[in-house]
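According to numbering that gives the first Met the number 0, the sequence shown is numbered sequentially starting from 0. Encoded as structure tokens, the structure appears first; notes follow it.
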Amino acid sequence: MCGRYAATANPDELIEEFEVEQDRTAEPTRSILKNPQSPPAGTPDYNLAPSKQAPVVLARVPRDTAEGYAGEPAPVRQLRLLTWGLVPSWAKDVKIGMRMINARAESVLEKGSFAKAAASRRCLVPAQGWYEWQKSPVSTDAKGNPRKQPFFMHRADGDVVAFAGLYEFWRDREIADQDDPEAWLTTFTIITTEAEPGLDRIHDRQPLVLERDDWATWLDPAVTDPGEVGRLLAFASPGRFEAHPVGAAVSSNRSNGPQLIEPAGLDELDGVVDPMTGEIIGAAAAGAADSSGGPNPA
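Structural data, given as structure tokens:
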């Protein structure tokens, strides 16, 4: 799964990178958070967690041209702030979104919770990279459970990461005025796929990351053919990503800042599996070397 990521670009950078035609990040939107989001939505966030609002790129036909238009209205590429955790239009409780932060690429076209969105409400979720926690095969925590080491995954070429996502509109029927921003909750989910070799030593799943050449097709709501959508869902190109262990601070969703993505020192690691070599690194590895007895004095 993908339950935490870093979104560090500001709206102006995303508008240029994704060739956005309409910036809607300044519009009032409904949030499900009890307290103000920190950092504020739309500003660099190095520890973006479910239920937060995040910048998302999507394409929509403008409401004022959707009806009574002589030709076929063209969708407009927009940048919006959406809440992470998909809430389907039929949901009775928005809390369902916390169980729908991810959608599996292998079943998203058939699963009822995601199928309609997969057909025509697809989006891109910009990121610098994402976090996953590796369970140590040799080291345990104070409770005797496998020690978990956070890693940060990012593109090896330093380019922007564009997660494939889906979005939905949920209408609060208790608010009569449909033009009231609080009447609508707009949410998204991140699609995941099998982790590529190397990253699978950290976690067996990873976000589906689309290349620039596929962005327009993925965003186009007129592309509804399951075969065409399925082609993008099956996209795989190993070797695009790098990963490094980071400090434990990221495990708290209250922590934030660029220090979270900095590599952890070797002295901070204990029983960590190197994703590239498969070797154990850190304190457990050092302990194993010490127990070998060192050189024979004879």
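Ideal placement from N, C-alpha and C gives every residue a C-beta, glycine not left out.
Residues that residue i bridges to, as DSSP identifies them
i: Lys320; result: Beyond the ends of the chain as shown, which are 0 and 297, falls residue 320; an answer cannot be given.
i: Trp169; result: Leu184
i: Gly164; result: Cys122, Ile189
i: Glu241; result: His153
i: Arg204; result: Glu193
i: Ala116; result: Answer is none; Ala116 lacks a bridge partner.
i: Pro262; result: Val245
i: Val272; result: Ile279
i: Asp199; result: Answer by DSSP bridge pairing: none, since Asp199 is not bridged.
i: Asp158; result: DSSP, once it has assigned bridges, lists no residue as partnering Asp158.
i: Trp129; result: Tyr4, Met152
i: Thr139; result: Pro145
i: Asp179; result: Paired residue(s): none; Asp179 is not in a bridge.
i: Asp22; result: Leu78
Rounded Cβ spacing between residue i and residue j (contact assumed at less than 8 Å)
i: Glu193; j: Asp203; result: 7 Å
i: Gln148; j: Trp129; result: In fact, because the Cβ distance is near 15 Å, the residues do not count as touching under 8 Å.
i: Arg154; j: Phe240; result: 6 Å
i: Ala161; j: Leu123; result: 5 Å
i: Val299; j: Ile260; result: Because the chain here runs from 0 to 297, residue 299 falls outside it and cannot be looked at.
Length of the line joining the Cα atoms of residue i and residue j
i: Asn92; j: Gly164; result: First, the residue type needs correcting, since residue 92 is Asp and not Asn in the sequence shown. When rounded, the distance between both Cα atoms is 21 Å.
i: Pro206; j: Glu173; result: 35 Å
i: Thr100; j: Pro125; result: Just to set this straight, residue 100 is Ile in the shown sequence, not Thr. So the alpha carbons of these two residues sit roughly 15 Å apart.
i: Asp179; j: Asn9; result: 27 Å
i: Thr276; j: Leu268; result: 16 Å
i: Leu231; j: Asp219; result: 13 Å
i: Ala182; j: Leu108; result: 28 Å
i: Trp89; j: Pro74; result: 25 Å
i: Ile190; j: Arg103; result: 6 Å
i: Arg121; j: Arg23; result: 17 Å
i: Ser236; j: Leu209; result: 10 Å
i: Ala117; j: Ala141; result: 43 Å
i: Trp214; j: Pro225; result: 17 Å
i: Val60; j: Val86; result: 21 Å
i: Arg76; j: Lys33; result: 30 Å
i: Ser135; j: Ala5; result: 24 Å
i: Gly111; j: Val228; result: 16 Å
i: Ser254; j: Asn144; result: 24 Å
i: Phe187; j: Lys51; result: 11 Å
i: Ser290; j: Asp156; result: Note on Ser290: pLDDT 46, under 50, position unreliable in the model; the coordinate value appears next. One C-alpha to the other measures close to 40 Å.
i: Pro274; j: Pro39; result: 34 Å
i: Gln36; j: Ala247; result: 22 Å
i: Thr216; j: Val222; result: 7 Å
i: Pro72; j: Lys115; result: 21 Å
i: Ile14; j: Ser119; result: 22 Å
First through last residue of the alpha helix (DSSP H) which encompasses residue i
i: Leu81; result: Careful: Leu81 lies outside any alpha helix (DSSP H), inside the beta strand (DSSP E) at 75–83.
i: Asp44; result: Asp44 -> not in any alpha helix (DSSP H); beta strand (DSSP E) instead, spanning 44–47.
i: Pro225; result: 225–232
i: Ala215; result: 211–218
i: Leu13; result: 10–16
8 Å Cβ shell around residue i - same chain, five flanking residues per side excluded
i: Pro49; result: Gly2, Trp83, Gly84, Gly96, Met97, Ile100
i: His243; result: Phe150, Phe151, Pro262, Ala263
i: Asp176; result: Ala182
i: Arg211; result: Ala161
i: Glu20; result: Val75, Arg76, Gln77
N-terminal and C-terminal residue of the beta strand (DSSP E) that residue i is part of
i: Arg59; result: 52–59
i: Leu123; result: 121–126
i: Ala104; result: Per DSSP, Ala104 belongs to no beta strand (DSSP E) and is neither H nor E.
i: Ala6; result: 4–6
Sequence-distant residues of the same chain with beta carbon closer than 6 Å to residue i, five excluded per side
i: Thr7; result: Pro43, Gln127
i: Leu171; result: Just to set this straight, residue 171 is Asp in the shown sequence, not Leu. So the qualifying residues of the chain are Ala182.
i: Pro27; result: Pro180
i: Thr185; result: Leu81, Phe168
i: Phe17; result: Val56
i: Arg79; result: Arg23, Val55
i: Leu47; result: Tyr4, Ala6, Ala53
Sequence-distant residues of the same chain with beta carbon closer than 7 Å to residue i, five excluded per side
i: Pro257; result: Tyr45
i: Glu12; result: none
i: Gly41; result: Pro10, Thr24, Pro54, Leu80
i: Arg29; result: Pro180, Glu181, Trp183, Leu184
i: Thr139; result: Pro145, Arg146
i: Ser250; result: Pro149
Distance cut-off 7 Å: residue i Cβ against heavy atoms of the ligand ATP
i: Gly229; result: Ligands displayed in this structure: none; no statement on the ligand ATP is therefore possible.
Neighbour flag for residue i against chain D, beta carbons, 8 Å
i: Ala114; result: This model lacks chain D altogether; it includes just one protein chain.
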